[in-house]
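Here the sequence shown is numbered in the working numbering, starting from -19 and rising by one per residue.
Shown next, in structure tokens, is the structure this report addresses.
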Amino acid sequence: MAVSESQHKSTTKANAKQKKRPIPQPAPKLIVGNILDIDINNMVESLTRISRIYGEIFQMKLFDMMIFVSSQKLAHALSDESKFDKVVHLPLMEVREFAGDGLFTAFNEEPNWALAHRILIPAFGPLAIKKMQPMMLDVITQMLMFWEHHAGQPLEAADQFTRLTFDTIGYCAFRYRFNSFHSEKVHRFIEVMVKLMLEAQARSRRPGIIKTAMFRSESEHRANVKELHHLCDEIVAARRMNPDPDAHDLLNNMIFDSDPKTGEHLPDKNIRFQMVTFLIAGHETTSGMLSFAMYYLLKNPLTFAKARAEADAAIKKANGSLLDINPADLKYIEAINKESLRLHPSAPSWAVAPRNPEGQTLPGGYHVAQNQVVFVYLPMLHRDPKAWGADAEDFRPERFIDGSTIPPDSWKPFGNGQRACIGRGFALQEAVLALALIVARFDIEMADPSYDLKVFQTLTLKPHDFHIIARPRFGRNQSILSELISSAAGNSGSSYTTEAKRDAAKWSGGNGEKIHVLYGSNSGSCEGLAKEIVSEGDQRGFNMSLGELDSVAGGGMLPTDAPVIIVTASYEGQPTDNARMFVAALAENKDAESLKGVKYMVMGAGHHDWAATFHKIPKFIDRRLEELGAERIEPLSVGDAGEDIVGDFEAFKARVWRRFGSSRESTPAKEDASEPFVLLPRSANMAAPALGCGIETVGTVLDSEVLTSVMPDSPQTCLVTIQLPKGLTYRAGDYLAIFPKNPKPTVDRALEHFGHRTEDTVVFNRPTSFFPLKVPMRLGDLLSSFVELGQPVSKKVLPLIAEYSDDAAKARLKVLEDNYARDIIGPRLSLLDIVLTTPGCKPPLDVFLANLPKMKIRQYSISSTPLESPDVVTLTFTVHTAPSAAGDRVLGVASNYVAFLNKGDNLLCTVKGSAGFYLPADPEVPVVLFAAGSGVAPFIGFIAERAIMAAAGRKVGRTVLYYGTRTPTDIVRKDKFARWVKDGFLEFRPVLSRSDVKEVEGLPGVTLLPEAKYVQDRVWADKEDMAELYDAGAQYYTCGSGRRLGNDLKQTLVKIIAEKRPEGDDETVESIMERLARERYRTDVFL
């Protein structure tokens, strides 16, 4: 039977409809839809979290149905202007209240959009923008002068760059000076604009009836719009009354130029709207870009060093003349700005809708109806690993200049097509010039070195509460005004005619000889030693400086004006997180005299369990500095975290002060003849103890649960849920750093022994290494929070306390000293243990306190994912206890502290990143996880994250977990593992070292191999599967004790890979090991 054309079309449509793929959506709730899934105060964070869960496309019912896409593949399709038109979406509809039919908020069909576009396009051509450079520099130098006049004072980055960009667009576009750097408050226009932007966002979420009912808000809104328009009208009226044909600015274009197509002029009302548009868009986005760029520069010192070198070269090429700087010579700085926009686009989205009445079907089979608004969500588009690679989350400006092929429509911060931002070139040139002159003229640091990025959102994004400190690079006499005057007079007065001084760290302000102390530290031990050296140097009259290796010397250049002491550790042969760039720069440096004039000494820390790489990084630094021309002033000193690390540190400090003595340039302090400390009456007021260590934020315990109770062979395991301090977020794989307190039983033992009570108050009258001077403190607080009571006593302390001992005690102390590793390190014998178990050893309290190490922060791997809750973390950990030499039990400080916190208790904590220990950016990549004991903690978060993605319909690669414990009862979170296995999200392979069972109760479907007692045994048994996973591109992660996993596991993997090499592949085992570690194997091992 014949089929009519209409029947054929109907059948085709029906078939197409059947092939449509549903767009994922979080489960909507009755009436409110998905509104409760969004934090209205932080929509970007909410949308990012949902995007990570559902992948490249999802929809949400937020009053209207909205679709969000975040992959290059879909963004590329939506960028086709023949199929999709820009949509002025709901928030922008509210902006139309004051921006009308300006370029940004006009509807596609409005005639004034096309009219203004044709008139104004020439004003933003490359030549026109280049001609604006003198006006841009006029304003930039005002900011530089302001920074010189406020050197050393905290400046809010977003505020400074808002003033800069607002004044720049005002002067370049309208020859109007807002003079933002001449007053304490920002210009009234900015205040009004911020109010209007926030109100526009709020109004977009309100039904119309509620808007009209909010009389006061509506009245204020109308008054603000009127004020904004009045300012614009005043500027236009002034230009009409006093024409300036030589201005060649945007205002002249709008007033006097006609449309080359129709001959029409812009109406006055539209000129007002265009002015509002340019004053908002022309400064908001650029100030955000510069603020984020500054944050990333300070977080990446090597990038800062490269930017400074490029800026110096460009200025030198221009013979010091700022007007002659060629922005084209600043490619790397432009890449910094582009990379900042990639990670934090100022405007987080733009919207389109299909032009075809029948809608459009996107790649993947997702159908979009004609009037359906689709948002291209930039924060996740710009992190699409298929477009940007495995390092999509990382800040790497080189990706814009190293020849990398960036797929089309994967970087869209300025919008799309003919509706893209007309001022893109203007913004980039302004930002490049500003950033170049900043890095060339100032040493910049964060006012709060521990600051973690927080984002503030109006309709655009900026860093929140991010303060910087700028110091003139060329000394206190640096003056941009003097240089400009000198240059105008024909003199060569620029600071750039002399070689820039090498960067130095922050000075302590002493008046004696200078000493630099630089450190690389992950756990805080080397940082603590560096700070102790600085503190002791201050007391000896030296002018001490302190800094991280990457922050001060990330480019590989060290100060030459004073000796440099370097304290750093080696982690499985790798540098610490804050010494990576310094080490890389040393390795790349080919100039054998580049460090001539540097005088240095190095202290290295490591652990003997990693014998092959023991002290690898400190040894490399010590050797490489000499090869590059530096002078070694003391032989390399090393410490072993598996032995007496405290004693090693003390010995190094003794060597330092034997070398330097006391400063000859300082005035020696008079000897204090008072008692070392004084006990005050119990009625005395106490001062709150300083619990800092770089953590000042407070979290709250939401829940605490015992997972496994103490057994003869197994410790207790706990699960604690913590509300993060306000403003903090995290990634799966991060740490929670905690400042703990000693367990109360341990503190009570010390107090009882010395005959004191918790409320007794103590004051130190002489300088000590870390106790506050002349500050009353409760003795219980001091013993609880200031000192480590459970750490093994340092070897050097034993002969000191022998001076307060009888003969029998002295004999015992000598035996302990001679057998230090066996009798002290092995049983972890503390100074308190020795005092309690040696009746004839009676050091006074001040001697006891002086020989205790300072309390240090502890880091715990977070065992949750932010996809569940971005501001709540869980810790899954073992509570450490062991028999004590004093007859009771040694209690692990931090684990007991956290385990006994109750719901509602507060604790000092903050989030710390883990260098590289994160899931692949592309969830389709398989992952193999190796854990021992409580090392499973971060993997619980990893698996939860991938399970959430898979449950939402995303394609997720295989997730395989090898989990080594002693017995089945030691397996924690069985309920979660069982559910993930049942749902097909996890391949779970437990390994029991002290059990021969083949199945575990509560884990149906999970099979054990009784003959495999350690993780590496099970891995070898699964070698065929391991080879398949390797060929599929799997990433490997290890977390647990180095003694249990360490090199054995890695060697097993390498053996499997080597066995499966294709015939003729002669790659050595050593080469495979190195490649695996570099490209696909991540470790987080603890001791």
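Glycine is no exception: its CB is placed at the ideal position from the N, C-alpha and C atoms.
Status (buried if at least 16 other CB within 10 Å, exposed otherwise) for residue i
i       : result
SER430  : exposed
ILE30   : buried
ASN21   : exposed
GLY133  : Residue identity check: residue 133 is Gln in the sequence provided, not Gly. Exposed, because fewer than 16 other Cβ atoms sit within 10 Å of the Cβ of GLN133.
GLY489  : Any reading at GLY489 must be qualified, since the residue scores a pLDDT of 49, below 50, and its modelled position is unreliable; no value is offered.
MET221  : exposed
LEU361  : buried
SER841  : buried
LYS296  : exposed
ASP1064 : buried
GLU1047 : exposed
SER875  : buried
THR683  : Residue identity check: residue 683 is Asp in the sequence provided, not Thr. It counts as exposed.
PRO648  : Bear in mind that the predicted position of PRO648 carries a pLDDT of just 43, short of 50, making it unreliable; the figure below should be weighed with that in mind. Exposed, because fewer than 16 other Cβ atoms sit within 10 Å of the Cβ of PRO648.
GLY884  : exposed
Start-to-end residues for the beta strand (DSSP E) that takes in residue i
i      : result
GLU573 : GLU573 -> no beta strand (DSSP E), and no H or E assigned at all.
CYS152 : Run containing CYS152: none in the beta strand (DSSP E); it sits in the alpha helix (DSSP H), 137 to 154.
ILE702 : 696 to 703
SER238 : SER238 -> no beta strand (DSSP E), and no H or E assigned at all.
ASP620 : 617 to 620
C-beta atoms of residue i and residue j nearer than 9 angstroms
i       : j       : result
GLN442  : ALA138  : A quick correction: the sequence has Lys, not Gln, at residue 442. For LYS442 and ALA138, yes; Cβs fall inside 9 angstroms.
ALA862  : ARG808  : yes
VAL532  : PRO539  : yes
GLY831  : VAL773  : It is worth fixing the name first, because residue 831 is Asn in this sequence and not Gly. Closer than 9 angstroms, so yes.
ILE424  : PHE284  : yes
VAL755  : PHE766  : no
ALA293  : ASP304  : no
VAL853  : LEU704  : yes
TYR994  : PRO918  : no
LEU1009 : PRO906  : yes
TRP1000 : ILE1036 : yes
PRO695  : VAL859  : yes
Endpoints, the alpha helix (DSSP H) within which residue i is located
i       : result
ALA218  : 195 to 221
CYS506  : 505 to 519
VAL952  : First-last for VAL952: undefined, no H or E at that position.
THR726  : 724 to 734
GLN458  : Run containing GLN458: none; DSSP gives neither H nor E here.
GLY627  : 625 to 640
ALA427  : Note, ALA427: premise wrong, no alpha helix (DSSP H); not H, not E.
SER1051 : 1049 to 1059
Option in the options with minimal Cα separation from residue i
i       : options                         : result
HIS162  : LEU408, ILE149, GLN122, SER184  : GLN122
ALA712  : VAL952, THR341, PRO1042, SER843 : SER843
MET255  : LEU417, ALA420, PHE880, THR85   : THR85
VAL1131 : LYS579, ASP1045, GLY500, LYS296 : It is not possible to answer for residue 1131, since the shown part of the chain is limited to -19 through 1067.
GLU848  : ALA327, LEU983, GLU25           : GLU25
GLY536  : ALA298, LEU498, ALA1001, ASP224 : LEU498
ALA610  : GLY896, LYS576, LEU812, SER459  : LYS576
LEU124  : GLU463, ILE920, ASP902          : GLU463
PHE436  : LEU708, ILE149, SER199, ARG451  : LEU708
LEU1078 : GLY933, THR939, LEU887, ILE316  : The shown model of the chain, from -19 to 1067, leaves out residue 1078, and the question about it has no answer.
MET561  : GLU528, PRO91, PHE38, TYR1061   : GLU528
PHE965  : LYS206, ALA930, ASP955          : ALA930
ALA79   : MET177, THR148, PRO4, ASP976    : MET177
ASP65   : PRO281, ALA400, ALA218          : ALA400
MET578  : LEU608, LEU812, LYS41, LYS822   : Position check: residue 578 holds Val in this sequence, whereas Met was assumed. Closest by alpha carbon: LEU608.
C-beta neighbour in chain B for residue i, strict 9 angstroms
i      : result
VAL980 : Although the question refers to chain B, the structure presented lacks it and comprises just one protein chain.
Checklist line | At least 3 beta-carbon pairs within less than 8 angstroms: the region 218 to 234 vs the region 96 to 104 | finding: The way I'd put it, the region 218 to 234 does touch the region 96 to 104; three or more beta-carbon pairs between them come closer than 8 angstroms.
Check: Is there contact between the region 961 to 972 and the region 932 to 947, where contact requires at least three CB pairs shorter than 8 angstroms?
Finding: Pairwise C-beta distances place the region 961 to 972 in contact with the region 932 to 947, as three or more of them are shorter than 8 angstroms.
Next item on the list: Taking 8 angstroms as the threshold, find out whether the region 595 to 609 comes into contact with the region 545 to 563 through three or more Cβ pairs.
Entry: Three or more Cβ pairs closer than 8 angstroms define a contact, and the region 595 to 609 meets that threshold against the region 545 to 563.
Notebook entry, point to check: Is it a yes or a no for the region 269 to 287 touching the region 320 to 336, going by three-plus beta-carbon pairs under 8 angstroms?
Noted result: Because the criterion of three Cβ pairs below 8 angstroms is met, the region 269 to 287 and the region 320 to 336 touch.
Check: Taking one C-beta from the region 86 to 93 and one from the region 342 to 354 each time, how about it: are there three or more such pairs within less than 8 angstroms?
Finding: Segments in contact, no.
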